[in-house]
Amino acid sequence: MSKEHIKLSATAAKLWFGNKQVLKNVTVAFPQNKITALIGPSGCGKSTLLRCFNRMHDLSADVRIEGDFLLEDQNLYKGKLSATEVRRRIGMVFQQANPFPKSIYENINYGLKINNIPKDQRLGIIENALKESYIWDEVKDDLQKPATRLSGGQQQRLCIARAVALRPEVILMDEPCSALDPISTAKIEELILKLKKDYTIVIVTHNMQQAQRIADQTVFMYLGEIIEAGDTKQIFDKPANELTKNYVKGHFG
Amino acid sequence: MSKEHIKLSATAAKLWFGNKQVLKNVTVAFPQNKITALIGPSGCGKSTLLRCFNRMHDLSADVRIEGDFLLEDQNLYKGKLSATEVRRRIGMVFQQANPFPKSIYENINYGLKINNIPKDQRLGIIENALKESYIWDEVKDDLQKPATRLSGGQQQRLCIARAVALRPEVILMDEPCSALDPISTAKIEELILKLKKDYTIVIVTHNMQQAQRIADQTVFMYLGEIIEAGDTKQIFDKPANELTKNYVKGHFG
Amino acid sequence: MMKKLTPIIEWGTLLLTTGLVCFFLLAILWDLISKGSSSLSWAFISTSPTDGMTKGGILPAIIGTVLLTLITALIAAPFGICCAIYLNEYATDSWLTRIIRASIRNLAGVPSIIYGLFGLALFVQGLQMGTSLLAAGLTLGLLSLPYIIITTEEALRRVPNSMREAALAVGATQFESIRDVVLPSAVPGMLTGLVLTLSRAAGETAPILFTGVAFYINKPAGYLNQEFMALPYHLYMLSTQHQAIEQVRPLAYGTALVLIIVVFFLNLSAFYIRYQHSKHE
Amino acid sequence: MKLAIREKTDQAAKLLFRMTGLMVIAILAGIFFMLLWNTIAFFLKVKPWDFITGTQWSPSGTPANYGMLPLLVSTSLVTLGAMCIAIPLGIGTASFLSDYAGRKLKSVLKPAIEMLASVPSVAIGFLGIVVLGPGIASITGQSNGLNALNGAVLLAIMSLPTIITVTQDALEGVPNAYKEASYSVGANRWQTLIQVTIPAAAPGILAAVMLGVGRAIGETMTVLMATGNASAFPKGFFHSVRTMTATIAIEMGEVPYQTTHYYALFAIAAVLFLMTLLVNIVGEYFVNKYRKYQAA
Amino acid sequence: SDAGKFIKVKGSDTEVKLAVSLAENFYKVHADFSVAISGGGSGLGIASLLNGQTDIANSSRPLNAEEIVLLKAKGIPIRTVIFAEDATAFIVHKDFPLDSIDVMSLAKVLNGQYKTWKPLTGKDIQINIYGRQSNSGTHSFIRSKLKIEFSRDAKEMNGNAQIVEGIKHDRSGIGYVGAGYILNNGTEQPIKVLKIIAKPGSIAISPLDIKAIAAHQYYFQRPLYQFIPLTSWNKVSAFIDFEKSAAGQKIITTSGYYIIPK
Ligand SMILES: Nc1ncnc2c1ncn2[C@@H]1O[C@H](COP(=O)(O)OP(=O)(O)OP(=O)(O)O)[C@@H](O)[C@H]1O
Ligand SMILES: Nc1ncnc2c1ncn2[C@@H]1O[C@H](COP(=O)(O)OP(=O)(O)OP(=O)(O)O)[C@@H](O)[C@H]1O
Ligand SMILES: [Mg+2]
Ligand SMILES: [Mg+2]
Ligand SMILES: O=P([O-])([O-])[O-]
């Protein structure tokens, strides 16, 4: 892995759902202002790992987590950071776009309100976030429209805007394009590439082409373990591991 | 198609589930004492067609059927035949073995009772049906055992025995082996081959090898239409249609 | 011959049973409406009983039932909703939550007369409220609680998890995500359950028998610490306890009709909420 | 620090919600111990055996008799009668709804059954007095129709919606495979219903019946109004009976608190509580069993 | 504020009709008072008195020894008001062959010694007794007056009205109700009121005979009581005063009860 400044990392992370171990000694690092793609066959634990970073497992009853998760040098679980603070600093975009059943405006405003951003600054932030997420032109005429009436691609970009508006340090994306058509996907990829200037981005994807198009670094997971991680080009062109090779060549998964 | 005596046939059959047309102008004939395999990709309408022949769709509310279905020269829908009579003369074996949650004995006895077969004849018929279905030796010691305690393969043979006991003229089988292991499958194939002496058999299968092993004639369906029908050997070795070729070579489906 | 008859017998049997069930409903409605509607008038619902309750209206009973139902709602709704939130949003599958769930199901099966006894022992005697509107309302509140919990939990369960995650992901605390996202989405379902429960409570008699309902009261409006009249009890009294049962039959019919109109109105509004909601989904 | 306050609120809310959960247990426990406490107070004065097997209920006689057997038998009699009517009707209607009725008919019948469920018990009791009672009286030539039969019919009407709804769920939960198997051997709809679907749904139907029984046992106003309330040992359906619930309803208002008679009524309530608890537990057992079976 | 003017009246079913009429008219002169009335029987009224759940306990019988002890034990001092007189009437179907009955026979009918009407009317039909529930003042009044235990087969009705209803349709029934229930808004109920022969040889007297009642000649006549806890006395005194006023007395007589001039 390269020498960049490491923004987010996990060390010897293990996770159990009840008795079932889903993450087995995962150590991984995500460099600042880079896009890292997380790939691997279905069920290998990509989503599970991602969700560890913004403490989404906190709500599930029978989940046990071991190991260290660090944002810069702060421990996400064991230090002084509260779950709420972790989630504010590490934003997340989900596989299925999940806008609130409220207006477009309220969708973004909600996070700002919750996080005590003064009222007079919010409109500016909202406009900015929508612009950053390439959706401003499509919605600027009616910010009061219910978000549920947007198309799937627009909804997903709105969710990205919602995450971006809070100026998190990291944005986690779990297959953000899997439910979208090629045109929406292209727009979102363009957006992700643009966002990397300001954010550290981790993206789970099943689409090998997508990983190669946008990721600086790629991590291959298999059965709850990191098999190989490195420059995207290297992973796809000269994978060191046989499993990685088989996977990226499309032989399984 | 060959010149054999046609036992069962459909002419210009069309079927809609609500507004969705699932069978589009299907014309097909099944010769007497032959085994016909019905093949085609998932969702093409094989089960739907099969169920037309023993009027299983009668029970669903929003199904509309057009066209003629004939058993010998009697119209299955428009003539004097009642649905129960049609079902008695055209037996059916389902994909998932579906014995009644009763004893082995009762499973076969039920149909006999329903069809007013005198009590004193039933035991003989039951024994005979179980023998015909190659399961007698395995169950003869305890006919009172719940059928649900039999293995999957045994259950499926019991279901065949249940159908056979009524001496139907035709037996329809909808993927009867798809849930079974190779050994059970072999037993059932052997049984089917034996049954053909007395019955006309139509079998839906996803297994190309199976079709080649047992069927005299093969019919290939695609998107609710019959693409090609003919001798099994011909269909598999020299298919006339490109689609058929692609399918039997395993290129899709 | 037999072959032709059997289907008729079969259909006949099922139609007969279903027909009988419908007949019961229609007979109830027909009898109440045909004999009750002549008593129904504006005066009937806007005046107090007069002439030893042989004439006049049922205003105090209507007011009593409305107030009682309101108190029931005020007690049971917040409590029930909080408990449902606990069960659906916080509780894990532990022995404790299993006990809570079992308790709720059993509470739902406890006969209403036993709630009456409990109300008598706890509110009237234990907490020194005396026989009063408040004691009766609290008793009905307890009775309604399990139903409200069950229906609310059902409504909460239908809110997709992605909504909760969306809120958490923008830095909301769990409480905030429930308050701002989960509850608003669940409101129609919760409201349906609440209204259905209240329609049931409005028709209950046994739990208020010894907790505060009175035969007659000479003033329409009630106070929390005082006894009250209520529609179901008024009907009971007019049909079994009144000195001139035959003579007040029309009043009893009128009362029954008003009661059933109140209950059906609540039911219909629940259906309406449900229907509106299903249309949006 | 605003965030700290928000997180404090979060913690406090969690605590509050949890408390309400615990309160539910407290309520059930409260009911239970209230009944237990008063029942013990009663048993200090009257022997449990005399209470359960005594055939005379006359608390203000001299000497007072606290034998609840006649009440228990009355309750059982009325419930039995109700079930004899409601079970066949309920299963028949549920079968019609699940296997015979078209979608349109169903969409009319379902709300009708919900309506029936919401008719208040006093209204049903009232009709028992003014319509059914005189009807029974004129058919049987009795002086009045306030008897066990009247109560049974009314309770049947009241428990029908429960029985129908739960039975219908059970019938619709029977895997289609069973029905298809039956049709494929030439059975018609009726034979399939009677010989395959209903037996397969038996646990669910039993649960429905149990819930119906629970409802009938605990119902107060209808029986109070319609059964005539004679506390003598019940002799049959054409005699007045007095159920446990009616006894409590009649006598609780008129006893001085903390007297033997007062405690006796709680003891009846305790028996009633245990009966409904048992019935519900049995019902739930079958519902669960049926769920498992459905999943399989 | 207004809680001080809120009066709970509970008890005797015999008196409830009267109490409702009184309260209704009381409201016309004292609109600030709210009076809640419940019936259920004298026992209920006295129990409520003991339980502290009533301001006035209506009763058609005096307190019994046990109740007096209980009141003492609970420290509830009371005042007693006798506000009217009632005559308990025995009623039968309007086609019943007899017009009068003597006390001895009545006792045998009610205690179950006679199962059929044969000894009295010569007709061998079963006697149906329409009685009151055990906590009723009337029930205990009849019991002590006749010195009997009621037959096990006696129906225990919850109110006078139900007895009247039952008797209307039952040709072999006999029941007892307060005189106030015989008259109903001036129209007489379609039932027959038996005259009572107190001793062999004495004349039969009807409970509707005002003069005989005034002369204390009817066998089953009794005062109607109101027991008031001392703590409620101030609150209810206005109501008691109203009962004693001319308007109140008129209501009592028009309702079918009697006033015994002191
Ligand atoms: N709440 C849970 N309880 C139990 N097991 C779970 C839970 N969530 C996920 N799993 C299991 O954990 C494993 C990893 O799941 P995860 O969702 O992380 O896979 P993934 O790599 O994201 O797969 P996909 O590409 O299909 O999204 C799977 O086997 C899954 O079945
Ligand atoms: N009850 C139904 N209502 C609506 N559509 C249905 C229904 N049953 C089947 N279909 C649709 O009809 C089409 C044909 O289904 P059918 O079951 O006949 O396919 P098949 O060829 O048997 O497939 P498979 O090989 O997977 O069993 C499918 O698209 C299916 O979704
Ligand atoms: Mg995933
Ligand atoms: Mg199929
Ligand atoms: O109601 P009573 O007057 O008989 O007590």
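Chains as they are written, first to last, in our numbering: chain A, 1 to 253; chain B, 254 to 506; chain C, 507 to 787; chain D, 788 to 1083; chain E, 1084 to 1345. Yeah, the Cβ is synthetic: ideal placement off N, Cα and C, and Gly gets one too. In this text the structure is predicted, and so the values were computed from the model without any measurement.
- Starting from the beta carbon of E659 (chain C), find every residue of chain A whose beta carbon is closer than 8 Å, and list them in chain order. In the third sequence, residue 659 (chain C) corresponds to position 153, counting from 1. The contacting residues do not exist; E659 (chain C) stays about 16 Å from chain A at best.
- Query: Who are the near neighbours of H5 (chain A) in its chain, counting only those whose CB is closer than 6 Å to its CB and skipping five residues on each side?
  - Reply: Along the first sequence, read from residue 1 onward, the residue named residue 5 (chain A) stands at position 5. Answer for H5 (chain A): Q32, listed in chain order.
- Task: Please say whether F1325 (chain E) and T1398 (chain E) have beta carbons closer to each other than 8 Å?
- Result: Because chain E is modelled from 1084 through 1345, residue 1398 (chain E) falls outside the range shown and cannot be assessed.
- Item | Test item, CB below 5 Å from any non-hydrogen atom of ligand 2 | By the rule of a C-beta closer than 5 Å to any heavy atom of ligand 2, the residues picked out are B:F270, B:V275, B:S295, B:G296, B:C297, B:G298, B:K299, B:S300 and B:T301.
- Taking the CB atoms as reference points, tell me whether A964 (chain D) and F347 (chain B) lie closer together than 8 Å. As a position in the fourth sequence, residue 964 (chain D) is number 177, starting the count at 1. As a position in the second sequence, residue 347 (chain B) is number 94, starting the count at 1. Contact: yes.
- Message: Counting only beta-carbon separations shorter than 8 Å, does M92 (chain A) have a partner in chain C?
- Response: Taking the first residue of the first sequence as 1, we reach residue 92 (chain A) at position 92. So yes, M92 (chain A) belongs to the interface.
- Query: Under a three-way DSSP split, which group does I587 (chain C) fall into?
  - Reply: Position 81 of the third sequence, counted from the start, is the residue given in the question as residue 587 (chain C). Correct three-state label for I587 (chain C): helix.
- Item | Residue range of the unbroken alpha helix (DSSP H) whose run includes V865 (chain D) | By 1-based counting over the fourth sequence, the position of residue 865 (chain D) is 78. Per DSSP, the continuous alpha helix (DSSP H) segment holding V865 (chain D) begins and ends at L856 to S882.
- Query: I think A828 (chain D) touches Y1050 (chain D), with their Cβ atoms under 8 Å apart; what is that distance to the nearest whole Å?
  - Reply: By one-based count along the fourth sequence, residue 828 (chain D) stands at place 41. By one-based count along the fourth sequence, residue 1050 (chain D) stands at place 263. A828 (chain D) to Y1050 (chain D), Cβ: 5 Å. Contact.
- Query: When we look at the beta-carbon of V630 (chain C) and count the other beta-carbons within 10 Å, is it buried (16 or more) or exposed?
  - Reply: The residue given as residue 630 (chain C) occupies position 124 in the third sequence. With at least 16 other beta carbons inside 10 angstroms of its own, V630 (chain C) counts as buried.
- Message: Could you check if G643 (chain C) belongs to the surroundings of ligand 1, using beta carbon to heavy atom distance under 7 Å?
- Response: Your numbering for residue 643 (chain C) matches position 137 in the third sequence. No, since every heavy atom of ligand 1 falls outside the 7 Å radius drawn around the Cβ of G643 (chain C).
- Query: Any heavy atom of ligand 1 closer than 7 Å to the CB of V783 (chain C)?
  - Reply: The count along the third sequence starts at 1 and reaches residue 783 (chain C) at position 277. Rather than Val, the amino acid found at residue 783 (chain C) in this sequence is His. No, since every heavy atom of ligand 1 falls outside the 7 Å radius drawn around the Cβ of H783 (chain C).
- Query: In three-state DSSP terms, what is Q32 (chain A)?
  - Reply: Start at 1 with the first residue of the first sequence, and residue 32 (chain A) comes out as number 32. DSSP places Q32 (chain A) in coil when its eight states are reduced to three.
- How should S1084 (chain E) be labelled, buried or exposed, when 16 other C-beta atoms within 10 angstroms of its C-beta is the threshold for buried? Position 1 of the fifth sequence, counted from the start, is the residue given in the question as residue 1084 (chain E). Caution is warranted here: a pLDDT of 40 is assigned to S1084 (chain E), below 50, making its placement in the model unreliable, and no coordinate value can be reported.
- Task: Give, in chain order, every unbroken run of the beta strand (DSSP E) that is at least 3 residues long and sits entirely within the stretch 1295–1323 of chain E.
- Result: The stretch 1295–1323 of chain E contains these whole beta strand (DSSP E) runs: 1304–1312.
- Item | 8 Å Cβ cutoff met for K1177 (chain E) and P1306 (chain E) | Indexing the fifth sequence from 1 puts residue 1177 (chain E) at position 94. Indexing the fifth sequence from 1 puts residue 1306 (chain E) at position 223. For K1177 (chain E) and P1306 (chain E), no; Cβs fall outside 8 Å.
- Own chain residues within Cβ distance below 6 Å of V392 (chain B), not counting five before or after: For the purposes of this step, residue 392 (chain B) is identified with residue 139 of the second sequence, where counting begins at 1. When the five nearest sequence neighbours on each side are left out, the beta carbons in the same chain lying within less than 6 Å of the beta carbon of V392 (chain B) are those of I357, in order along the chain.
- Is the CB of G1093 (chain D) under 8 Å away from at least one CB in chain B? Because chain D spans 788 through 1083 in this model, residue 1093 (chain D) falls outside it and cannot be assessed.
- Note down the Cα distance separating S300 (chain B) from V423 (chain B), rounded to an integer number of angstroms. As a first step, residue 300 (chain B) is located in the second sequence; it is residue number 47 there, counting from the start. As a first step, residue 423 (chain B) is located in the second sequence; it is residue number 170 there, counting from the start. Approximately 16 Å, taken between the alpha carbons.
- Chain-ordered neighbours of V1066 (chain D) on chain E, where CB pairs are closer than 7 Å: Numbered from 1 along the fourth sequence, position 279 holds the residue referred to as residue 1066 (chain D). Taking a Cβ-Cβ threshold of 7 Å, none of the residues of chain E is close to V1066 (chain D); the smallest such distance is about 29 Å.
- Three-state secondary structure assigned by DSSP to N241 (chain A): Residue mapping note: residue 241 (chain A) aligns to position 241 of the first sequence, counting from 1. Here N241 (chain A) sits in coil by DSSP.
- Query: Heavy atom of ligand 4 less than 7 Å from the Cβ of D326 (chain B), yes or no?
  - Reply: Within the second sequence, residue 326 (chain B) is the residue found at index 73, counting from 1. Not one heavy atom of ligand 4 falls within 7 Å of the beta-carbon of D326 (chain B).
- Along chain B, in chain order, which residues have C-beta atoms closer than 7 Å to that of V983 (chain D)? Here residue 983 (chain D) is taken as the residue at index 196 of the fourth sequence, counted from 1. By Cβ distance, chain B contributes F353.
- Task: Can you have a look at F529 (chain C) and say buried or exposed, based on whether 16 or more other CB atoms are within 10 angstroms of its CB?
- Result: Translated into the one-based positions of the third sequence, residue 529 (chain C) becomes position 23. It counts as exposed.
- Buried versus exposed, by CB contacts within 10 Å (16 or more), R604 (chain C): Working through the third sequence from its first residue, we reach residue 604 (chain C) at position 98. Under the 10 Å beta carbon count, R604 (chain C) is surrounded by fewer than 16 other beta carbons and is classified as exposed.
- Task: Have a look at A673 (chain C) and V687 (chain C) and give me their C-alpha separation to the nearest angstrom.
- Result: Looking up residue 673 (chain C) in the third sequence gives position 167. Looking up residue 687 (chain C) in the third sequence gives position 181. Distance between the alpha carbons of A673 (chain C) and V687 (chain C): 7 Å.
- Test item: CB-CB of G364 (chain B) and L425 (chain B) under 8 Å: The residue labelled residue 364 (chain B) in the question sits at position 111 within the second sequence. The residue labelled residue 425 (chain B) in the question sits at position 172 within the second sequence. Contact check for G364 (chain B) against L425 (chain B) fails: the beta carbons are separated by 8 Å or more.
- Quick one: is S547 (chain C) near chain D, going by C-beta distance under 8 Å? Indexing the third sequence from 1 puts residue 547 (chain C) at position 41. It does not: the Cβ of S547 (chain C) has no partner Cβ on chain D nearer than 8 Å.
- L633 (chain C) classed as buried or exposed, judged by whether at least 16 other C-beta atoms fall within 10 angstroms: Sequence index remark: in the third sequence, residue 633 (chain C) carries index 127 (1-based). With fewer than 16 other Cβ atoms within 10 Å, it is exposed.
- Message: Taking 8 Å as the threshold (beta carbon to beta carbon), is V1049 (chain E) in contact with chain C?
- Response: Lying before the first or after the last residue shown, residue 1049 (chain E) is absent from chain E, which here runs from 1084 to 1345.
- Item | Contacts around E175 (chain A), its chain only, beta-carbon distance under 7 Å, and the 5 residues preceding and following it disregarded | Taking the first sequence and counting its residues from 1, the one referred to as residue 175 (chain A) is at position 175. Beyond the five residues adjoining it in sequence on each side, E175 (chain A) comes within less than 7 Å, by CB distance, of Q95, V204, T205 and H206 in the same chain, given in chain order.
- Task: Classify H5 (chain A) as helix, strand or coil using the three-state DSSP reduction.
- Result: As a working mapping, residue 5 (chain A) is identified with position 5 in the first sequence. Here DSSP, grouped into helix, strand and coil, assigns H5 (chain A) to coil.
- Task: Please classify Y853 (chain D): does DSSP put it in a helix, a strand, or coil?
- Result: For the purposes of this step, residue 853 (chain D) is identified with residue 66 of the fourth sequence, where counting begins at 1. DSSP places Y853 (chain D) in strand when its eight states are reduced to three.
- Query: Listing by chain order, which chain A residues have their CB less than 8 Å from the CB of E794 (chain D)?
  - Reply: As a first step, residue 794 (chain D) is located in the fourth sequence; it is residue number 7 there, counting from the start. By Cβ distance, chain A contributes S82 and T84.
- Query: What did DSSP end up calling L180 (chain A) once you bin it into helix, strand or coil?
  - Reply: Locating residue 180 (chain A) in the first sequence gives position 180, counting from the first residue. Shown here, L180 (chain A) sits in coil according to DSSP, grouped into three states, outside any helix or strand.
- Task: Please go through the stretch 428–474 of chain B and give each complete beta strand (DSSP E) segment of 3 or more residues, from N-terminal end onward.
- Result: Listed in chain order, the complete beta strand (DSSP E) runs (minimum 3 residues) inside the stretch 428–474 of chain B are 453–457.
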